[in-house]
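**Student:** Dumping the structure here so I can ask a few things about it.
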Amino acid sequence: MIDKKTYKLPSIILTAILVVCFFLNISLGSVSIPFKAIFNSLIGNSTEHETWQHIIQNYRLPKAFTAIIVGSGLGISGLLMQTLFRNPLAGPFVLGISSGASLGVALVILGSSVFGGVFGALFVSKWGIVIAASLGSFLVLLAVLMVSLKVRDTMAILIIGLMFASITAAIVSVLSYFGSAEQLQQYVFWGFGSLGNLSWTDLSILFIIYSIGLILAILSIKTLNTLLLGENYAKSLGLNIKKSRLIIIIATSLLAGTITAFTGPIAFIGLAIPHLTRQVFNTSNHKILLPAVFLFGAIVMLICDSIAQLPYSDLTLPINAITALIGAPVIIWLLVSKRKMVF
Amino acid sequence: MTEKNQHIILKTSNLSIGYISKKKHTCIASNINIELKRGELVGLIGANGIGKSTLLRTLTQVQNPLEGTIEINDKKVNDHAPLELAKVLSLVLTEQITSKNLSVFELVALGRQPYTNWIGTISKQDTEAINNALELTNITELKHKKCFELSDGQLQKVMIARALAQDTDLIILDEPTTHLDMYHKAYILKLLQKLAKDTNKTILFSSHEIDLAIQLCDNLIVMTENDVVSNTPCNLISKGTFNHLFPKDLIAFDEKTGSFRVKK
Numbered sequence: 001m002i003d004k005k006t007y008k009l010p011s012i013i014l015t016a017i018l019v020v021c022f023f024l025n026i027s028l029g030s031v032s033i034p035f036k037a038i039f040n041s042l043i044g045n046s047t048e049h050e051t052w053q054h055i056i057q058n059y060r061l062p063k064a065f066t067a068i069i070v071g072s073g074l075g076i077s078g079l080l081m082q083t084l085f086r087n088p089l090a091g092p093f094v095l096g097i098s099s100g101a102s103l104g105v106a107l108v109i110l111g112s113s114v115f116g117g118v119f120g121a122l123f124v125s126k127w128g129i130v131i132a133a134s135l136g137s138f139l140v141l142l143a144v145l146m147v148s149l150k151v152r153d154t155m156a157i158l159i160i161g162l163m164f165a166s167i168t169a170a171i172v173s174v175l176s177y178f179g180s181a182e183q184l185q186q187y188v189f190w191g192f193g194s195l196g197n198l199s200w201t202d203l204s205i206l207f208i209i210y211s212i213g214l215i216l217a218i219l220s221i222k223t224l225n226t227l228l229l230g231e232n233y234a235k236s237l238g239l240n241i242k243k244s245r246l247i248i249i250i251a252t253s254l255l256a257g258t259i260t261a262f263t264g265p266i267a268f269i270g271l272a273i274p275h276l277t278r279q280v281f282n283t284s285n286h287k288i289l290l291p292a293v294f295l296f297g298a299i300v301m302l303i304c305d306s307i308a309q310l311p312y313s314d315l316t317l318p319i320n321a322i323t324a325l326i327g328a329p330v331i332i333w334l335l336v337s338k339r340k341m342v343f
Numbered sequence: 001m002t003e004k005n006q007h008i009i010l011k012t013s014n015l016s017i018g019y020i021s022k023k024k025h026t027c028i029a030s031n032i033n034i035e036l037k038r039g040e041l042v043g044l045i046g047a048n049g050i051g052k053s054t055l056l057r058t059l060t061q062v063q064n065p066l067e068g069t070i071e072i073n074d075k076k077v078n079d080h081a082p083l084e085l086a087k088v089l090s091l092v093l094t095e096q097i098t099s100k101n102l103s104v105f106e107l108v109a110l111g112r113q114p115y116t117n118w119i120g121t122i123s124k125q126d127t128e129a130i131n132n133a134l135e136l137t138n139i140t141e142l143k144h145k146k147c148f149e150l151s152d153g154q155l156q157k158v159m160i161a162r163a164l165a166q167d168t169d170l171i172i173l174d175e176p177t178t179h180l181d182m183y184h185k186a187y188i189l190k191l192l193q194k195l196a197k198d199t200n201k202t203i204l205f206s207s208h209e210i211d212l213a214i215q216l217c218d219n220l221i222v223m224t225e226n227d228v229v230s231n232t233p234c235n236l237i238s239k240g241t242f243n244h245l246f247p248k249d250l251i252a253f254d255e256k257t258g259s260f261r262v263k264k
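Chains as they are written, first to last, in the UniProt record's numbering: chain A, 1 to 343; chain B, 1 to 264.
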């Protein structure tokens, strides 16, 4: 109660920053478009050049929305993982969820030649990739969770997550050995990560699944807070641990899996955003953390995307490189700086 | 004692505790018949490895009994739904809480989880219960501190406040005095005595502080190799139960002072 008042100001500031970043992201790009034209195009008026309107409405706008979904979705899935596994270093990447998604996609893109024919072609649709990636991440997360039930040591769980990542990497390299050059390129480009490849239709599919994941995450807020006491206390408070765990895992795999499917694996956002958020919102209460992570994730992703676009040049850097360049130093700074990595 | 105090909160009948594995049943203690009445402070004592934790784990549903039944408020423990049980039984465990970044208020507020809505909104009634629990344990001034800033003694009080906020008839504490200095050991147990009296809750705790337990508890459950006895401290002393508590080579029970003395 007392906390909510204290965090009102940073929430308002963050929301304002998000709005600014959103417009900044739309106005920056390889083609320089005056702000007035952008504004006109956004409210549906015609602009001086047809192409400007086309660029904004069919390219930059869906890309900005994707960035918001990706940043908030990955950040929230990282938050869920960190609380569930009681480990500040947990995140969709470290626990092998993203590698699971990669494996699913690799099987679909590279394996289509192995499965061959109509069956393969059927799978290499956008839906096929989405389903494969979600399924892959869900299975890996389930495997990690099953191991975590037997192994209480959280360090062991993280190492097991890394092992799953190596196994998937190995399978992917075997598949790429047999794959054609064209398929390989398709997979490698998926691996670079990209926010700009989504049409409005893709975006709406992503949005629907993201919303389901988000709703499940919001429904888990009370559970997550209870889990802060540890599982035995949570059980003594009447929590059905098995059911709550499953819901959190489904939420995570829906969020991380689908996002990875559409945009490729995007590094460090899931791990870094919750920690960055905790530096500003010094609380463990998920009722505050969850919306804060949402805002932070969206802002950081919009900024990363703006940088990746290299404004006013024709070049576009892989988004995955930018997030890692920003995310990794953040983690190092957190560990080196005196502020404890409490959660 | 008034008639109300005769109400039995927890009752075990022919309870056997131990571990079940595929190959065999390992029975640790059997034929346990204990009754805890309302408003009683009850200590559970016994040597290391005698099965105190196993008994508490069985009573709190962490593990299943081998035989016999446990009833809370005249209803079998297994028949309670998880949320129902959470409203009659609260715990203070030896394990550390996962997140020490919680404030004292937030931590105690988590005790209200069984009563709050789907997102855990703290109602006026909840706030009252929380503040009441903070007051009863004398930690109101710590309200806004983070848990990692607290000493072991303070943290133990916070955990007791959390259990109080859960507003249950029965509170079970597993070794609440470990890691505490002599003063705080006495302080915590004295606090439990006061809470049992003031709130009319039944409090069961396991402890190695036998001399303190003898002085403060209404009843003691003593676990020895052969059996589990439950009686008032005075009766247990006159029966000589404490003489069988430990191997006799090092220490002996002194009936006059109610404590153990090292043999010279």
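Glycine is no exception: its CB is placed at the ideal position from the N, C-alpha and C atoms.
Classify LEU173 (chain B) as helix, strand or coil using the three-state DSSP reduction.
**Tutor:** strand
**Student:** Taking only the alpha-carbon atoms, compute the straight-line gap between LEU236 (chain B) and THR257 (chain B) and give it to the nearest angstrom.
**Tutor:** Rounded to the nearest angstrom, the two C-alpha atoms are 14 angstroms apart.
**Student:** DSSP on GLU225 (chain B), reduced to helix/strand/coil?
**Tutor:** coil
**Student:** Could you give the distance in angstroms between the alpha-carbon of ASN320 (chain A) and the alpha-carbon of GLU135 (chain B)?
**Tutor:** 52 angstroms
**Student:** Among A:LEU229, A:LEU141, A:VAL336, A:THR277, which one has its Cα closest to the Cα of ALA109 (chain B)?
**Tutor:** Considering only alpha carbons, the answer is A:LEU229.
**Student:** Please name the residue, chosen from A:ALA267, A:HIS49, A:SER148, A:THR66, that lies closest to ILE26 (chain A) on a Cα-to-Cα basis.
**Tutor:** A:THR66
**Student:** Would a check of beta-carbon distances place GLU141 (chain B) closer than 8 angstroms to chain C?
**Tutor:** No chain C is present in this structure, whose protein chains are A and B.
**Student:** Could you name the residues of chain B that GLY230 (chain A) contacts, counting a contact when the two beta carbons are closer than 7 angstroms?
**Tutor:** GLU95, ILE97, THR98
**Student:** Is it buried or exposed, GLY111 (chain B), if we count other Cβ atoms within 10 angstroms and call 16 or more buried?
**Tutor:** buried
**Student:** Going straight from the alpha carbon of GLY71 (chain A) to that of MET301 (chain A), what length do you get?
**Tutor:** 5 angstroms
**Student:** Bridge partners for ASN231 (chain B) per DSSP, in chain order?
**Tutor:** B:LEU220
**Student:** Quick one: grab the DSSP three-state call for GLU255 (chain B).
**Tutor:** coil
**Student:** Does the CB of THR60 (chain B) have a neighbour CB from chain A at under 8 angstroms?
**Tutor:** yes
**Student:** What residues from chain B crowd round ILE248 (chain A), counting only those whose CB sits closer than 8 angstroms?
**Tutor:** Near ILE248 (chain A) there are no residues of chain B at all, since even the closest Cβ is about 14 angstroms away, more than 8 angstroms.
**Student:** Would you give the residue range spanned by the alpha helix (DSSP H) that ASN131 (chain B) belongs to?
**Tutor:** 124-136
**Student:** Taking only beta-carbon atoms, is residue 344 (chain A) less than 8 angstroms away from chain B?
**Tutor:** Because chain A is modelled from 1 through 343, residue 344 (chain A) falls outside the range shown and cannot be assessed.
**Student:** Using a C-beta to C-beta distance shorter than 8 angstroms, which residues of chain B count as neighbours of residue 384 (chain A)?
**Tutor:** There is simply no residue 384 (chain A) to check, as chain A begins at 1 and stops at 343 in what is shown.
**Student:** Using CA atoms only, rank isn't needed, just tell me which of B:TYR19, B:HIS144, B:ASN226, B:HIS7 is closest to ALA47 (chain B).
**Tutor:** B:ASN226
**Student:** Cutting at 7 angstroms between CB atoms, please list the residues of its own chain near THR260 (chain A), excluding the five before and the five after it.
**Tutor:** SER98, ALA101, ALA133, SER137
**Student:** Quick one: which chain A residues come within Cβ less than 9 angstroms of ILE119 (chain B)?
**Tutor:** In chain order: ILE218, LEU219, ILE221, LYS222, LYS287.
**Student:** Since PHE35 (chain A) is in the alpha helix (DSSP H), which residue starts that stretch and which ends it?
**Tutor:** 35-42
**Student:** Out of A:VAL144, A:CYS304, A:ASN285, which has the shortest C-alpha to C-alpha gap to LEU246 (chain A)?
**Tutor:** The shortest C-alpha separation from LEU246 (chain A) is found at A:VAL144.
**Student:** Specify the secondary structure class of ASN320 (chain A) as computed by DSSP and reduced to three states.
**Tutor:** helix
**Student:** Under 8 angstroms between the Cβ atoms of HIS175 (chain B) and THR94 (chain B)?
**Tutor:** The sequence given here has Glu at residue 175 (chain B), not His. Yes. Within cutoff.
**Student:** Look at the alpha carbon of LEU15 (chain B) and the alpha carbon of SER21 (chain B), and state the distance between them as a whole number of angstroms.
**Tutor:** 18 angstroms
**Student:** What does the alpha-carbon distance come out to for the pair GLN61 (chain B) and THR54 (chain B)?
**Tutor:** 10 angstroms
**Student:** In whole angstroms, what is the alpha-carbon distance linking ARG261 (chain B) and PHE253 (chain B)?
**Tutor:** 6 angstroms
**Student:** Between TYR312 (chain A) and chain B, is the shortest Cβ-Cβ distance under 8 angstroms, so that the two count as touching?
**Tutor:** no
**Student:** Is ASP152 (chain B) closer than 8 angstroms to LEU180 (chain B) when the C-beta atoms are compared?
**Tutor:** yes
**Student:** Would you please state the rounded distance, in angstroms, between the beta carbons of ILE205 (chain A) and VAL130 (chain A)? I believe it to be under 8 angstroms.
**Tutor:** So it is a contact: roughly 7 angstroms between Cβ atoms.
**Student:** Going along chain A, which residues have a C-beta under 7 angstroms from ALA86 (chain B)?
**Tutor:** Going along chain A in sequence order, the residues near ALA86 (chain B) (Cβ under 7 angstroms) are SER236, LEU237, GLY238.
**Student:** Would you say THR69 (chain B) and LYS76 (chain B) are within 8 angstroms of each other, going by their C-beta atoms?
**Tutor:** Yes, the pair counts as a contact, with Cβ atoms nearer than the cut-off.
**Student:** Within the continuous beta strand (DSSP E) that includes HIS25 (chain B), where are the two ends?
**Tutor:** 25-32
**Student:** Counting C-beta neighbours from all protein chains within 10 Å, is the total for ILE33 (chain A) 16 or more, i.e. buried, or is it exposed?
**Tutor:** buried
**Student:** Kindly list the residues whose CB is nearer than 6 angstroms to the CB of GLN53 (chain A), restricted to its own chain and excluding five residues on each side of it in sequence; keep chain order.
**Tutor:** SER41, THR47
**Student:** If you draw a straight line from the alpha carbon of THR140 (chain B) to that of ASN131 (chain B), how long is it in whole angstroms?
**Tutor:** THR140 (chain B) and ASN131 (chain B): Cα-Cα distance of roughly 7 angstroms.
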